[in-house]
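To start, the structure under review is shown below, and the notes come after it.
Protein chains in written order, with this note's numbering: chain A, 46 to 447; chain B, 46 to 447.
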């Protein structure tokens with residue numbers, strides 16, 4: 046294959062450009078001499094490549110660096126605000142949109158709350174409008190938009206980018222690409238929500254340069270994106286990472302999936318809220334009794350109560366955390382990752398419970414993999430999937446495997 | 046990088062040869078014209094490569110194939126009995142040795158039973174003698190031996206091939222390569238036992254051409270080798286696959302690792318035997334009462350009793366299988382693999398319990414990944430690690446990543 050590709054000079058030209066572009070991205074600022082040294086390409090060849098990248102507008106010269114003997118070298122970096130990428134995170138109760146420049150800097154974002162799970166057509170319509178509005182607010186036209194990534198809470202066919210099934214949205218066999226009207230000519234990509242978050246952590250979050258990690262999204266449901274060997278691991282049918290259905294208590298509550306004691310039934314935001322409501326109904330002593338209608342108790346109320354020293358609320362969060370610790374222990378033993386990042390709504394109360402999770406892992410996981418793993422709360426939180434979706438067109442530009 | 050490598054013609058020559066060699070291996074018999082068509086290399090270039098491989102003795106012409114219009118093409122195949130590879134599986138109670146030819150055919154094998162966990166030096170000495178003996182019996186000299194692979198029940202540093210820790214053998218920081226005396230000049234490789242079995246299933250077993258699979262070894266302990274995207278997944282510290290420590294019963298027995306209800310404590314061969322002995326001591330009705338000394342009850346006795354219709358014995362195996370099903374369910378949901386192969390001592394009683402395991406997965410795993418996974422008993426069984434170890438030098442020859 047190498048020989049066949051080498052005969053195709055256009056392929057190699059593009060490949061070399063994308064490698065150099067990515068080196069400039071990961072090094073932040075780098076000279077042509079350093080690029081030559083890293084790639085083994087001649088100074089002449091590197092001159093041609095960087096001139097092409099400057100001509101396309103992706104990079105620019107940004108002053109001189111430190112001299113290593115001779116002239117002070119001219120440093121190259123990605124050109125901020127040159128090109129952009131949009132990310133849309135669509136869920137049952139919101140549509141989040143972000144606009145990011147080529148360097149990963151977020152320049153605009155929008156969020157629409159949904160009261161009821163929206164129809165597919167409505168979401169697409171609103172998503173297109175959000176992208177157009179963000180572009181307008183930044184005074185940008187479509188030519189500056191590299192692409193749009195869509196994050197969906199469901200199963201996506203990674204080849205066709207069709208949504209196979211998004212159960213909570215009740216979407217089946219939905220084709221976003223075919224449904225775009227205003228943005229139909231912009232390259233678009235569709236990705237599972239948990240995998241989008243993992244892409245985000247890997248590109249701009251806590252897992253850049255981390256080959257093996259698991260990014261667990263905790264909200265109404267629980268799912269994960271898994272990276273192995275530096276690449277997103279999708280599994281055979283694209284459903285890898287369903288850690289919300291790791292059974293952590295064989296005698297636990299029945300899950301929607303049919304099994305009992307799935308992590309989701311005892312540690313999701315929804316299960317935390319349901320448990321709080323149940324306990325209040327049962328008359329437990331708690332500041333949450335101030336709610337006239339238990340249905341008004343939400344995750345924020347439980348967290349606030351816990352922060353104010355409410356023992357019942359604290360116990361609810363601690364119990365959920367203990368179960369997360371059991372599932373994380375399984376992942377540590379099975380996958381021996383460098384990092385496990387806990388994100389989405391979890392970041393709202395991470396400071397209250399992260400030590401409980403770490404304690405369970407330390408106590409229950411095998412010594413060696415436990416010593417090598419860092420269990421951390423995401424620093425990005427609830428926007429991770431929208432950001433991850435926006436990163437997908439950038440990965441395409443930098444010629445990464447999706 | 047591509048450009049740098051392309052400038053190194055020796056690298057490309059070796060690379061092209063290994064690609065062609067592997068195509069000949071995987072296609073069993075193939076013509077030069079077909080090889081040209083697959084690789085995109087010219088007939089002349091392919092002639093040079095295949096002549097070189099014939100000259101080295103790896104392949105030979107084996108008659109003519111079917112004509113597709115013109116002359117009947119000369120077919121090439123790996124040359125059986127041209128070169129060999131040895132595999133050694135070392136454990137607490139045995140040393141297994143196999144000698145395999147370049148095609149994967151086993152030409153000799155030996156096994157020594159050990160009554161007590163042997164010292165490192167003794168095992169190395171005996172292993173060397175076994176290899177020499179197998180070569181002698183086949184009338185082969187060292188020049189025909191491509192290399193030796195060692196399978197170890199413990200943690201191996203995949204870069205240095207040193208044994209970090211093999212707890213049951215009480216070996217720590219042991220260096221097989223440095224300890225070889227007779228075979229010191231032969232390339233040697235050291236691999237974890239479960240990963241060796243997975244390598245075997247991938248090369249000559251049920252998982253050739255399967256990208257994502259888990260090979261679970263069930264014997265006195267339980268461990269797994271995981272393949273993702275066609276490659277062995279080692280994890281960050283090389284300990285990925287410790288599925289024996291997936292917790293399947295929070296209130297279960299205490300495990301050596303400190304956790305409770307690990308799969309190993311309720312589904313390993315040892316736990317099956319211990320449970321049988323305990324029940325007999327408690328006076329349960331069973332044909333196993335024929336043993337004057339319960340300590341004489343071993344796995345084979347429990348299996349034989351079960352086959353003879355002994356209900357107590359059957360319940361013990363069924364219960365172990367149910368727990369295996371729970372752990373397999375976790376793996377199916379988390380990794381979405383195409384296959385889960387259960388091997389080693391499990392193959393002795395697989396026919397009795399495999400349907401129970403499949404039933405648990407069908408009932409408890411998520412629908413989509415459950416439909417895409419095949420849960421099967423290995424067809425190789427207890428020799429899988431020795432065979433996998435022998436395959437490692439072949440993978441090196443065919444330029445696969447280890």
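We put the CB at the ideal spot given by N, CA and C, even for glycine.
Predicted model only: the values in this text are computed from it and were never measured.
Chain B contacts from the segment 264-287 of chain A (Cβ-Cβ distance under 9 Å): 269, 271, 273, 274, 276, 278, 279, 280, 281, 282, 283, 284, 285, 286, 287
Whether residue 266/A touches residue 309/A by CB criterion (8 Å): To locate residue 266/A, count along the first chain from 1; it is residue 221. To locate residue 309/A, count along the first chain from 1; it is residue 264. The answer is yes: Cβ separation under 8 Å.
Selected residue, minimal CA-CA separation from residue 244/B, among 224/B, 264/B, 272/B: Against the second chain, residue 244/B aligns to sequence position 199. With distances taken between Cα atoms, residue 244/B lies closest to 272/B.
Given residue 127/B as reference, the closest of 268/B, 187/B, 201/B once Cα atoms are compared: What you label residue 127/B is simply residue 82 of the second chain in a count that begins at 1. It is 187/B whose Cα lies nearest to the Cα of residue 127/B.
Minimum C-alpha distance to residue 118/A - residue among 75/A, 84/A, 231/A, 137/A: By 1-based counting over the first chain, the position of residue 118/A is 73. For the residues 75/A, 84/A, 231/A, 137/A, the minimum Cα distance to residue 118/A belongs to 75/A.
Status (buried if at least 16 other CB within 10 Å, exposed otherwise) for residue 326/B: To locate residue 326/B, count along the second chain from 1; it is residue 281. Result: exposed.
Given residue 358/B as reference, the closest of 323/B, 389/B, 96/B once Cα atoms are compared: Translated into the one-based positions of the second chain, residue 358/B becomes position 313. Selected option, being the one with the closest Cα: 323/B.
Minimum Cβ-Cβ distance from residue 417/B to chain A less than 8 Å: As a position in the second chain, residue 417/B is number 372, starting the count at 1. It does; some Cβ of chain A falls within 8 Å.
Reduced DSSP category for residue 316/B - H, G, I as helix; E, B as strand; rest coil: Here the question's residue 316/B lines up with position 271 in the second chain. The answer is helix: DSSP assigns residue 316/B an H, G or I state.
Chain-ordered residues of the segment 398-432 of chain A with a beta carbon less than 9 Å from chain B: 408, 409, 410, 411, 412, 413, 414, 416, 417, 418
Residues near residue 410/B by beta carbon distance below 7 Å, same chain, minus five either side: Within the second chain, numbered from 1, the residue matching residue 410/B stands at position 365. These residues qualify, in order along the chain: 374, 377, 378.
Cutoff 8 Å: residue 371/A Cβ touching any chain B Cβ: In the first chain, counting from the first residue as 1, residue 371/A sits at position 326. Closer than 8 Å to some Cβ of chain B, the Cβ of residue 371/A qualifies, so yes.
Chain B residues whose Cβ lies nearer than 8 Å to that of residue 291/A: Numbered from 1 along the first chain, position 246 holds the residue referred to as residue 291/A. The answer, in chain order, is 375, 378, 379.
Contacts of residue 302/A in chain B (Cβ-Cβ under 9 Å): Residue mapping note: residue 302/A aligns to position 257 of the first chain, counting from 1. By Cβ distance, chain B contributes 378, 409, 410, 411, 412.
Ordered list of alpha helix (DSSP H) runs contained in the segment 55-93 of chain A, each at least 4 residues: 77-84
Stretch pair the segment 234-250 of chain B + the segment 429-446 of chain B: three plus CB contacts closer than 8 Å: yes
Sub-8 Å separation of residue 382/B and residue 258/B beta-carbons: The residue given as residue 382/B occupies position 337 in the second chain. The residue given as residue 258/B occupies position 213 in the second chain. Yes; because the gap between Cβ atoms is below 8 Å, this pair is in contact.
Assumed close pair residue 423/B, residue 246/B - CB separation to whole angstroms, cut-off 8 Å: Taking the first residue of the second chain as 1, we reach residue 423/B at position 378. Taking the first residue of the second chain as 1, we reach residue 246/B at position 201. Sure, about 7 Å apart at Cβ, within 8 Å.
Inter-stretch contact at 8 Å, needing at least 3 Cβ pairs: the segment 436-443 of chain B / the segment 188-204 of chain B: yes
Contacts that residue 383/B makes with chain A (C-beta to C-beta distance below 8 Å): In the second chain, residue 383/B corresponds to position 338, counting from 1. Within 8 Å Cβ-Cβ: 281.
Chain-ordered chain A contacts of residue 487/B [CB-CB under 7 Å]: In the structure as shown, chain B starts at 46 and stops at 447, and residue 487/B therefore has no counterpart that could be examined.
Nearest-angstrom beta carbon gap, residue 443/A and residue 66/A [assumed within contact, 8 Å]: As a position in the first chain, residue 66/A is number 21, starting the count at 1. As a position in the first chain, residue 443/A is number 398, starting the count at 1. Yes, residue 66/A and residue 443/A are in contact; Cβ-Cβ is about 6 Å, under 8 Å.
Where residue 306/A sits in the DSSP three-state scheme: In the first chain, residue 306/A corresponds to position 261, counting from 1. In the structure shown, residue 306/A sits in coil (DSSP, three-state: anything other than H, G, I, E or B).
Contacts of residue 213/B in chain A (Cβ-Cβ under 7 Å): Your numbering for residue 213/B matches position 168 in the second chain. Per Cβ cutoff of 7 Å: no residues; residue 213/B is ~14 Å from chain A at best.
Residues that residue 273/A bridges to, as DSSP identifies them: Against the first chain, residue 273/A aligns to sequence position 228. Its beta-bridge partners are 276/A.
Min CB distance residue 200/B to chain A below 8 Å: For the purposes of this step, residue 200/B is taken as residue 155 along the second chain, with counting starting at 1. Yes, residue 200/B lies at the interface with chain A (some Cβ there is under 8 Å from its Cβ).
Straight-line Cα distance separating residue 260/A from residue 57/B: Taking the first residue of the second chain as 1, we reach residue 57/B at position 12. Taking the first residue of the first chain as 1, we reach residue 260/A at position 215. Going from the Cα of residue 57/B to the Cα of residue 260/A covers about 39 Å.
Status (buried if at least 16 other CB within 10 Å, exposed otherwise) for residue 296/B: Walking along the second chain from the start, residue 296/B turns up at place 251. So residue 296/B counts as exposed.
Local Cβ density within 10 Å of residue 250/B, reported as buried at 16 or more and exposed below that: What you label residue 250/B is simply residue 205 of the second chain in a count that begins at 1. Buried, because 16 or more other Cβ atoms sit within 10 Å of the Cβ of residue 250/B.
Contacting residues, own chain, Cβ-Cβ under 8 Å from residue 282/B (five flanking each side not counted): For the purposes of this step, residue 282/B is taken as the residue at position 237 of the second chain. Result list for residue 282/B: 200, in chain order.
From 179/B, 140/B, 155/B, 181/B, residue whose alpha carbon lies closest to that of residue 167/B: Here residue 167/B refers to the residue found at position 122 when the second chain is read from its first residue. Nearest option by C-alpha distance: 140/B.
Residue nearest to residue 112/A in terms of C-alpha spacing, selected from 343/A, 78/A, 61/A: Within the first chain, the letter at position 67 stands for residue 112/A. The residue with the shortest Cα to Cα distance from residue 112/A is 78/A.
Selection from 224/B, 197/B, 85/B that minimises the alpha carbon distance to residue 211/B: Translated into positions along the second chain, residue 211/B becomes position 166. Considering only alpha carbons, the answer is 197/B.
Within 8 Å, strictly: CB atoms of residue 178/A and residue 155/A: For the purposes of this step, residue 178/A is taken as the residue at position 133 of the first chain. For the purposes of this step, residue 155/A is taken as the residue at position 110 of the first chain. A contact, by the Cβ cut-off of 8 Å.
Residue nearest to residue 404/B in terms of C-alpha spacing, selected from 264/A, 347/A, 94/A, 304/A: Locating residue 404/B in the second chain gives position 359, where the first residue counts as 1. The shortest C-alpha separation from residue 404/B is found at 304/A.
When 89/A, 95/A, 90/A, 85/A are compared against residue 70/A, the one with the closest alpha-carbon: Here the question's residue 70/A lines up with position 25 in the first chain. Considering only alpha carbons, the answer is 95/A.
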